[in-house]
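Engineer:
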Amino acid sequence: MKKRILITGSLGQIGTELTKHLRGIYGNDKVVASDMVKKDVPEVTETGAFEVIDVLDSKRLADVVSKYKINTIVHLAAILSGVGEHKPSLAYNVNLNGLYHVLEIAREKECQVFTPSSIAVFGPDTPKDGTPQNTIMRPTTMYGVTKVAGELLCDYYFKRFGVDTRGVRFPGLVSYAALPGGGTTDYAVHIFYDALEKQAYESFIAAGTYMDMMYMPDALHAVSSLMEANPEKLVHRNAFNVASMSFEPEELAAEIRKHIPEFEVTYNIDPVRQAIAESWPNSLDDTCAREEWGWEPKYDISSMVSDMLEQLKKKQGK
Ligand code: NAD
Ligand code: AKB
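Using the numbering used here, you'd call the opening residue of the sequence shown number 7 and step up by one each time.
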């Protein structure tokens, strides 16, 4: 069946690029972008249909799904880890009730659902290195709690109602098109802007703190590959570990220094986001994704840093 896709939260870090990626694959007229307010992001709002949808408004969501005869919902609207610790009740509401509305509409209107989970599903009791697909998940953040519950809800809707739900546990995503929306891994994006502007960056995450990271082109490819994967091969669904690189701030800085030798990093640690980072794994084992749907990332830290700096320079007209 030909896909007619609705993307929620499409003006965020992932949506800004995923909308273009999916319109490139399926056609501009087959992908409807949405967010809770319309902002001036021409690559999303001017290249195809755009609708204002607050995912807490289930009637509006259902009306748009009917209007465009949507058969696939890519659900990105969420509150991320840093903001979620400052506004836990908002994170609970948007992340859980928003997903519940999407799943109910998908059940009624027979839609496929793709929604990203996160490395935030893991917690301090989880094995830190080579974190397996199935392991202890006792997150200590509201964001992580909603992401674990979200994975379970998606599995429930698949097993109980046959809704074709799929997802990946994204690590921190590094990208140049849009800024990140208030997560713990955001330092790995901000560092590039300051490296180019000031040749210096003050990190809110401490040296030596490893987290999994991924460059956006690999993340986009992960979404479209899993959406198209043969369902008969999927043993897991919600959600797959995916990995491509793991680093700490000093290693990223050293890589940037290969292009900007005078670049310096200082530290002013944010205790909230540092505690979150310490509760997450150092690196995930993504064997299941590789075996079940052929996941294979292209970028490592060195190729990512070269491309990020080149693309940001172009964007800033340098
Ligand atoms: P983001 O914060 O950049 O964007 C989220 C978007 O959701 C924003 O445009 C915001 O306006 C919108 N939104 C918030 N509340 C809404 C509501 N009530 N109704 C409609 N829209 C609403 O986030 P992102 O980085 O693009 O993340 C998208 C998804 O990917 C989330 O589920 C997130 O948990 C997951 N994820 C992201 C990362 C990452 O590093 N970016 C890593 C792991 C998982
Ligand atoms: C965050 O830091 O909250 C996100 C994530 C890893 O889910 N980038």
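Virtual Cβ for every residue (Gly too), placed ideally from N, Cα, C.
From a predicted model like this one, the values you see are computed outputs, not experimental measurements.
1) Counting only the same chain and skipping the five closest in sequence on each side, list residues whose C-beta sits under 6 Å from that of Pro138.
2) Give me the DSSP bridge partner(s) of Thr272.
3) Quick check: does the Cβ of Gly150 come within less than 6 Å of any heavy atom belonging to ligand 1?
4) For Arg172, collect the residues of the same chain with a Cβ closer than 6 Å to its Cβ; drop the 5 residues on either side in sequence, then sort them by chain order.
5) Compare the Cα-Cα distances from Ala206 to each of Ser95, Pro287, Ala259 and report the closest residue.
6) Is Leu159 buried or exposed, if buried means 16 or more other CB atoms sit within 10 Å of its CB?
7) List in chain order: all unbroken beta strand (DSSP E) runs of 3+ residues lying wholly within the region 254 to 306.
8) Where DSSP assigns a beta bridge to Val119, which residues make up the other side?
9) So, at 8 Å on beta carbons, what are the nonlocal neighbours of Phe269 in its own chain, with the 5 sequence-adjacent residues on each side left out?
10) Would you kindly work out how many angstroms separate the C-alpha atoms of Ser282 and Pro94, rounded to a whole number?
11) Hey, would you say Thr141 sits closer than 7 Å to Thr132, going by beta carbons?
12) Helix, strand or coil: how does DSSP classify Ile11 here?
13) Which same chain residues, not among the five before or five after Val43, have their C-beta less than 7 Å away from its C-beta?
14) Under 7 Å between the Cβ atoms of Phe164 and Ser124?
15) Here's a check: name, in chain order, each residue in its chain whose Cβ is nearer than 8 Å to the Cβ of Ser72, leaving out the five neighbours to either side.
16) Heavy atom of ligand 1 less than 6 Å from the Cβ of Phe246, yes or no?
17) Check each residue's C-beta against every heavy atom of ligand 2 and list, in chain order, those closer than 7 Å.
18) Among Ala295, Lys45, Leu86, Ala194, which one has its Cα closest to the Cα of Ile307?
19) CB-CB under 7 Å to Asp135, same chain, minus the five flanking residues each way: which ones, in chain order?
20) Answer with buried or exposed for Asn236, where buried requires no fewer than 16 other C-beta atoms within 10 angstroms of its C-beta.
21) Determine the DSSP secondary structure at Ser95, reduced to helix, strand or coil.
Structural biologist: Let me lay it out:
1) Asp291
2) Glu208
3) no
4) Phe120, Leu232, Arg243
5) Ala259
6) buried
7) 270 to 273
8) Ile79, Thr171
9) Ala201, Gln205, Ala206, Tyr207, Ala259, Ile262, Arg263
10) Looking at the sequence itself, residue 282 is Ile, so the reference to Ser does not match. Roughly 14 Å separates the two Cα atoms.
11) yes
12) strand
13) Val58
14) no
15) Lys115
16) no
17) Leu86, Ser87, Gly88, Ser124, Ile125, Ala126, Tyr149, Phe176, Pro177, Gly178, Leu179, Pro186, Gly189, Thr190, Thr191, Asp192
18) Ala194
19) Asn288, Ser289
20) exposed
21) helix
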